[in-house]
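Going by the numbering used here, the sequence shown opens with residue 136, and the numbers climb by one from there.
Every residue, glycine too, gets a C-beta built ideally from N, C-alpha and C.
Below is one structure, written out as structure tokens, with a few remarks after it.
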Amino acid sequence: MGGYSGASRSGSRSVSPGMRDLAHIAQSPIRQLLALTASRSDVISLAGGLPAPEAFDVRGIGEAFAHVLATDGAAALQYSPTEGNEVLRSIFAERSRARGLAASAGTVLVTSGAQQALTLLSMVLLEPRDVVVVEAPTYLAALQCFQIAGAHIIPVSSDSDGIDIESLTEVVARERPKMLYLVPTFANPTGRSVSDARRAAIAELADRFGFWIVEDDPYSELRYAGGPQAAVGSHEGADGRSIYCGSLSKVCAPGLRLGWMHGPAKVIAAASLVKQAMDLHTSTIDQAAAAHYLQHADVDQQIGNLRSMYQLRRDAMSAALHRLLPGTEWTEPRGGMFVWLRLGWGVNTTDLLPRAIDAGVAFVPGESFYATCPDTSTLRLSFTTYHPDLIDEGIARLSGVLNVAG
Ligand SMILES: Cc1ncc(COP(=O)(O)O)c(C=O)c1O
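Right, dumping it as structure tokens:
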């Protein structure tokens, strides 16, 4: 059994009369997988991109909420400005400056997660049929935003150093895109990062061909090797052409739904206008509690602990893959949450998944991460939520399924 019906592909759903046709919007298999595996405690789910819940500072965050209610009282429960809590905007600006960006509180809009920043940017930067260039594969829910905006999405291939600059140059010269969307550091789903040289080349291309760079960066602080990299938007040529999206989801807690965008004043003003129509503002009390928490907790220490925990788990997955799936292609991520596998051998990972779930292991089939022409032999594994021994067992189960299939 398995109960997983696979990723919905374009046009596979019917359109209801009186409703907008959303049949072409990619549907995430991840929610379905999460629901399924939540009801099957025997399944080791390497599918979800969830942070480890034992790392959430439940007590510290709880105290921050109590403090805000005690000191701000009713104001913590009142409507508040669309642009966001001033202290939080300053903190997010500081985090953006740490990536080499010239940010200040005034260039930051607080959003309900980085996801809302992507939605807002799709609405303020894109007209129907505008071209958006993405890496193949890329983050599924960003593809959804661009599809909903009616954009024409053009994928460009990538390798272990990130998006291929020669192909990108050809594509931008030919297609004149409005936007390039990238997760340049420890990407979802591949775990790969764009090299510094390529970051500089991308900034130069944006300047030469006049497109926006949307840099989505939820993972850069989850680094297990090497030094920090400057944002693409900090390189020469990107000034005034790039928007940086940050998030507290992976370093603090995703349930807070707090993120931000930093960018040129006209983009921040337009995004604030649209956000006002969308939700007026991000939760007043959540922002105030997060601001208090970030000012008073030792967040660097916590990120350090997270790095140590995830590094052990990444190492366990890497060792298990070497031992149990020799000859398979996979990424060795230096950070983030994901390992990306390419099985080749004509395997279709969407077809394989029900058998894997029967065998007690889940993954995300790779096809959902492609705008077009998916490599159906790919899959994404996450190493963040299990102890090393269970990761080892999960890969052993996967290996059993693949050996039967292969
Ligand atoms: C690349 C990427 N961007 C954005 C998001 C959404 O982040 P948030 O929780 O801040 O909305 C995710 C979540 O997994 C992601 O992987």
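Exercise. Please report the Cβ distance between residue 313 and residue 346, rounded to the nearest whole angstrom; I am assuming they are in contact, meaning their Cβ atoms lie under 8 Å.
Key: 6 Å between Cβ atoms; contact.
Quiz item: ligand 1 heavy atoms versus the CB of residue 364: any closer than 6 Å?
Solution: Answer for residue 364: no, Cβ out of range of ligand 1.
Exercise. Could you say which of 210, 164, 176 and 220 lies nearest to residue 425 if we only look at CA atoms?
Key: Minimum Cα distance to residue 425 is reached at 220.
Quiz item: Which residues mark the beginning and the end of the beta strand (DSSP E) in which residue 515 is found?
Solution: Residue 515 -> beta strand (DSSP E) spans 513-517.
Practice problem: State the Cα-Cα distance for the pair residue 354 and residue 321, rounded to the nearest angstrom. | Solution: Roughly 6 Å separates the two Cα atoms.
Practice problem: Identify which residue in 509, 483 and 468 has its Cα closest to the Cα of residue 329. | Solution: Nearest in C-alpha terms to residue 329, of all of 509, 483 and 468, is 468.
Quiz prompt | In DSSP terms, what residue 428 is bridged to | solution = In DSSP, residue 428 forms no bridge with anything.
Practice problem: Go ahead and pull the three-state DSSP assignment for residue 153. | Solution: Residue 153 falls in the coil class under three-state DSSP.
Quiz item: Going by the beta-carbon positions, is the gap between residue 293 and residue 270 smaller than 7 Å?
Solution: Their beta carbons are under 7 Å apart, which means residue 293 touches residue 270 by this criterion.
Quiz item: Closest by CA to residue 279, which one among 528, 520 and 506?
Solution: It is 506 whose Cα lies nearest to the Cα of residue 279.
Exercise. Indicate whether residue 475 and residue 515 have their beta-carbon atoms separated by less than 7 Å.
Key: Taking 7 Å as the Cβ cut-off, residue 475 and residue 515 qualify as a contacting pair.
Quiz prompt | Which of helix, strand or coil DSSP assigns to residue 379 | solution = Strand, per DSSP.
Exercise. Specify the secondary structure class of residue 185 as computed by DSSP and reduced to three states.
Key: In the structure shown, residue 185 sits in coil (DSSP, three-state: anything other than H, G, I, E or B).
Quiz prompt | Inter-stretch contact (C-beta, 8 Å, three-pair minimum) for the stretch 442-452 and the stretch 298-312 | solution = Segments in contact, no.
Quiz item: Sorry if obvious, but does the Cβ on residue 274 come closer than 6 Å to a heavy atom of ligand 1?
Solution: Yes - ligand 1 has a heavy atom lying nearer than 6 Å to the Cβ of residue 274.
Exercise. Put residue 473 into one of helix, strand or coil per three-state DSSP.
Key: The answer is strand: DSSP assigns residue 473 an E or B state.
Self-check item: residue 402 - containing alpha helix (DSSP H), residue span
Solution: Counting along the chain, the alpha helix (DSSP H) containing residue 402 begins and ends at 400-414.
Quiz prompt | beta-carbon residue 257 near ligand 1 non-hydrogen atom, thresh 6 Å | solution = Because no heavy atom of ligand 1 lies under 6 Å away, the Cβ of residue 257 does not count as near it: no.
Self-check item: Cβ-based neighbour list, residue 356, same chain, cut-off 6 Å, excluding 5 preceding and 5 following
Solution: Cβ within range, chain order: 386 and 438.
Quiz item: What residues are listed by DSSP as bridge partners for residue 202?
Solution: Answer by DSSP bridge pairing: none, since residue 202 is not bridged.
Quiz item: Mind listing, in chain order, the residues whose beta carbon lies closer than 6 Å to a non-hydrogen atom of ligand 2?
Solution: In terms of ligand content, the structure shown lacks ligand 2 and carries ligand 1 instead.
Quiz item: DSSP three-state call for residue 160: helix, strand or coil?
Solution: In the structure shown, residue 160 sits in coil (DSSP, three-state: anything other than H, G, I, E or B).
Practice problem: Would you identify the three-state DSSP class for residue 218, choosing helix, strand or coil? | Solution: When DSSP states are grouped into helix, strand and coil, residue 218 belongs to the coil group.
Quiz prompt | Span separating the alpha-carbon of residue 136 from that of residue 250 | solution = Residue placement at residue 136 is poorly supported in this model, since its pLDDT is 38, which falls under 50; the coordinates still yield a value, given next. The C-alpha of residue 136 lies about 33 Å from the C-alpha of residue 250.
Quiz item: If you follow the beta strand (DSSP E) that residue 397 is part of, which residue opens it and which one closes it?
Solution: Residues 394-397.
Practice problem: Please go through the same chain and pick out, in chain order, the residues whose beta-carbon is closer than 7 Å to the beta-carbon of residue 202, but skip the five residues on each side of it. | Solution: Cβ neighbours of residue 202 beyond the five flanking positions: 427.
Exercise. Identify the continuous alpha helix (DSSP H) that holds residue 417 and give its terminal residues.
Key: For residue 417, there is no enclosing alpha helix (DSSP H), as DSSP gives it neither H nor E.
Practice problem: Would you mind reading off the limits of the beta strand (DSSP E) that contains residue 268? | Solution: Residue 268 -> beta strand (DSSP E) spans 266-271.
Quiz item: So, using beta-carbon positions, are residue 168 and residue 182 closer together than 7 Å?
Solution: When the beta-carbon positions are compared, residue 168 and residue 182 come within less than 7 Å of each other.
Exercise. Indicate the three-state DSSP secondary structure (helix, strand or coil) for residue 137 in the structure shown.
Key: Confidence in residue 137 is poor, its pLDDT being 41 and thus under 50, which makes the residue's placement unreliable; the coordinate value appears in the next sentence. If DSSP states are grouped into helix, strand and coil, residue 137 belongs with coil.
Practice problem: Answer with buried or exposed for residue 244, where buried requires no fewer than 16 other C-beta atoms within 10 angstroms of its C-beta. | Solution: It counts as buried.
Quiz item: Could you give the C-beta distance for residue 178 and residue 496, rounded to a whole number, given that I count them as a contact under 8 Å?
Solution: Cβ atoms of residue 178 and residue 496 come within 8 Å of each other, at about 7 Å.
Quiz item: Looking only at its own chain, which residues have a Cβ that is under 6 Å from the Cβ of residue 185, when we skip the five neighbours before and after it?
Solution: 520, listed in sequence order.
Practice problem: Output the distance between the C-alpha atoms of residue 370 and residue 344, rounded to the nearest integer angstrom. | Solution: The straight-line gap separating the alpha-carbon atoms of residue 370 and residue 344 is approximately 15 Å.
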